[in-house]
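**Q**
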Amino acid sequence: MSLPIIVLSVVPAIVSLYVSGNIKSILLFICWINTIISASDIYNSLLIAIKPKNSIFCRGYYKVEDNKKGYLKNISTKGIR
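Every letter in the sequence shown is one number past the one before it in our numbering, and letter 17, counting from 1, is 17.
1. Where do the N-terminal and C-terminal ends of the alpha helix (DSSP H) with SER16 fall, by residue?
2. Compare the C-alpha of ILE51 against each of ILE42, VAL64, TYR18 and name the closest.
3. How is the beta strand (DSSP E) around ILE56 delimited, first residue to last?
4. What distance in whole Å lies between the Cβ atoms of PRO12 and ILE37, which are believed to be in contact at a cut-off of 8 Å?
5. Could you give the DSSP three-state label for VAL7: helix, strand or coil?
6. Could you check what DSSP says for LYS63 in three-state terms: helix, strand or coil?
7. Return the chain-ordered list of same chain residues with a C-beta closer than 7 Å to the C-beta of VAL15, the five sequence neighbours on each side being excluded.
8. What are the start and end residues of the alpha helix (DSSP H) that includes SER25?
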């Protein structure tokens with residue numbers, strides 16, 4: 001989970017300290033874009049980790065099958081921050 005943020009964000013930031021000019025600007029731009037992408041990857045990993053048992057993800061909701069009655073309940077994940 002932390003490998004993408006280290007390799008794609010921290011390494012270009014460190015390398016940008018040793019270069020100058022346009023290459024430094026490009027490396028910092030790449031660093032910020034990759035930080036946003038890897039942060040969303042970590043967020044999605046956390047959502048997968050807290051997924052309820054016997055559930056599937058469908059259109060922004062987890063569908064959980066109730067074992068007693070055999071029907072599906074919708075649990076919204078849109079309010080999770």
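Glycine included, each C-beta is placed from N, C-alpha and C at the ideal position. All values derive from a computational prediction rather than experimental measurement.
**A** According to the data block:
1. 11–16
2. According to the sequence as given, residue 51 is Lys; it is not Ile. The candidate whose alpha carbon is nearest that of LYS51 is VAL64.
3. 55–58
4. Actually they do not touch by this definition, with Cβ atoms about 13 Å apart.
5. helix
6. strand
7. LEU27
8. 22–49
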